[in-house]
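Participant: Anchor point for the sequence shown: position 147 equals 211 in my numbering, and the numbering is continuous, going up by one each time.
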Amino acid sequence: MGMDDRSALIEALRFSYESEYCRSGAPDWAFQGVAPAIPYIGERFLESPIKALIYASAENLASDTGHLEGLRTQDVRQQMVRSYGLKPRANQDQNVHIEPINNGALLKVARHILSYHPSDEALLKHSSKFFLEQVAVANPGKFSIDPSKHKQKVNLDYARDWKKFKDQIAYVQADLEHLTPHWLILPATIHRSLVRAGLKSALERIPTIVSIQQVQQRAIVRKHGNRVPKDDTIELPGGYGDWKAPHYSNTYIRWMIENAGRFAMQEKGRITL
């Protein structure tokens, strides 16, 4: 498999997204005039011994009005590949418009989780940029809440609101059907929401699902404390080299290392961290 296969996969995903968007449009609670972004598919995803899909949370365009207005000037097909970034990635810049991927936190946590898999060690020994090119990343929440449509302040990250995911089920279904991941790493709250929204059978076909905490500072510090100084590093088999990520991702990884037995104790294929 090579670049042509990846290009065909991108086009197939974009066609599925475009068909659904042209039929249903954006949900009434979301910003209008902005189509959902397809996943970023790494250049070596199809060759990876693990074939992992990493889900973050939901896009939040309310915090970036400039980006929002810029997207509205593009046609639907351009909007759907915005996760590829507006400039080439360089110097560890994972510019895929998914914050916990861009800042390295979720990418580093996922890399640690996958280090427990007996795969080709080359997957784990290279830079964060190299690792990104061997996985697929996306937001399972494909649309952003439009705050102007709510009478009171709302949590723009709707991980627990399964009804909003039900409005987007066709897009997540397309991700799973086209990417056919061997591993799915996603927040536990979103996993539960997707099951409740009607994706239980589709999720059960994935060999290994790892449900994690949402990788953001407030969530991790609240549960695990702030035990890892900002300048602390955690060496794993293969090391991280020059990986850059917020210190709270190290806090979470240290907790995983201290509780490594949890991996062995879990029912095969379903891991909760």
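Glycine residues also receive a C-beta, built at the ideal position from the N, C-alpha and C atoms.
1) According to DSSP, isoleucine 201 sits in a beta bridge with which residue or residues?
2) By how many angstroms is the C-alpha of lysine 264 removed from the C-alpha of arginine 334?
3) Assign lysine 227 to buried or exposed, taking buried as 16 or more other Cβ atoms, counted over all protein chains shown, within 10 Å of its Cβ.
4) Taking 7 angstroms as the cut-off, does the CB of tyrosine 104 come closer than this to any heavy atom belonging to the ligand HEM?
5) Assuming contact is defined by CB atoms lying nearer than 8 angstroms, are proline 103 and phenylalanine 207 in contact in what I supplied?
6) Can you list, in chain order, the residues of its chain whose CB lies under 7 angstroms from that of threonine 244, leaving out five sequence neighbours each side?
7) Give the DSSP-derived three-state secondary structure of alanine 99 in the structure shown.
8) So is isoleucine 284 buried or exposed if we call it buried at 16+ other beta carbons inside 10 Å?
9) Suppose you measure from the CA of leucine 77 to the CA of leucine 110; what does that come to, to the nearest Å?
10) May I ask you to report which of helix, strand or coil DSSP gives tryptophan 319?
11) Please name the residue in Gln281, Ser179, Val259 and Arg286 whose C-alpha comes closest to that of proline 310.
12) Hey, out of Gly106, Ser83 and Leu250, whose CA is closest to isoleucine 270's CA?
13) Which runs of the alpha helix (DSSP H) fall wholly inside the region 230-254 and span at least 4 residues, in chain order?
14) Considering serine 275, what are the terminal residues of the beta strand (DSSP E) in which it resides?
15) Buried or exposed for arginine 146, please, with buried defined as at least 16 other CB atoms from any protein chain shown within 10 angstroms of its CB.
16) Round the Cβ separation of leucine 171 and isoleucine 165 to the nearest angstrom and send it over; I've been treating them as touching at under 8 angstroms.
17) Which whole-angstrom value describes the C-beta separation of valine 140 and glutamate 82, a residue pair presumed to lie in contact below a C-beta threshold of 8 angstroms?
18) Roughly how many whole angstroms lie between the Cα atoms of valine 236 and serine 80?
19) Apart from the five residues just before and just after proline 28, which ones in its own chain have a Cβ nearer than 6 angstroms to its Cβ?
20) Can you give me the start and stop residues for the alpha helix (DSSP H) that threonine 129 sits inside?
21) Could you check if glutamate 75 is buried or exposed, using at least 16 other CB atoms within 10 Å of its CB as the buried criterion?
22) Using CA coordinates, which residue listed in Thr253, Arg70, His246 and Ile276 is at the minimum distance from alanine 266?
23) According to DSSP, is isoleucine 335 helix, strand or coil?
24) Write down the C-beta distance between tyrosine 119 and alanine 202 rounded to the nearest angstrom, noting that I regard them as a contact closer than 8 angstroms.
Facilitator: On the basis of the coordinates in this document:
1) The sequence as given places valine at residue 201; isoleucine does not occur at that position. In DSSP, valine 201 forms a bridge with Tyr104 and Ile118.
2) 13 angstroms
3) Exposed is the call here.
4) Absence of the ligand HEM from the depicted structure is noted, as is the absence of any ligand whatsoever, leaving it without description.
5) no
6) none
7) coil
8) With 16 or more other Cβ atoms from the protein chains shown falling within 10 Å of its own Cβ, isoleucine 284 counts as buried.
9) So the alpha carbons of these two residues sit roughly 14 angstroms apart.
10) helix
11) Gln281
12) Leu250
13) 233-243
14) 272-276
15) buried
16) 5 angstroms
17) 6 angstroms
18) Between valine 236 and serine 80, the C-alpha separation is close to 11 angstroms.
19) Absent from the model: residue 28. The displayed extent of the chain is 65 to 337, so no value can be given.
20) 129-136
21) exposed
22) From the listed residues Thr253, Arg70, His246 and Ile276, the smallest Cα separation to alanine 266 is found for His246.
23) strand
24) 6 angstroms
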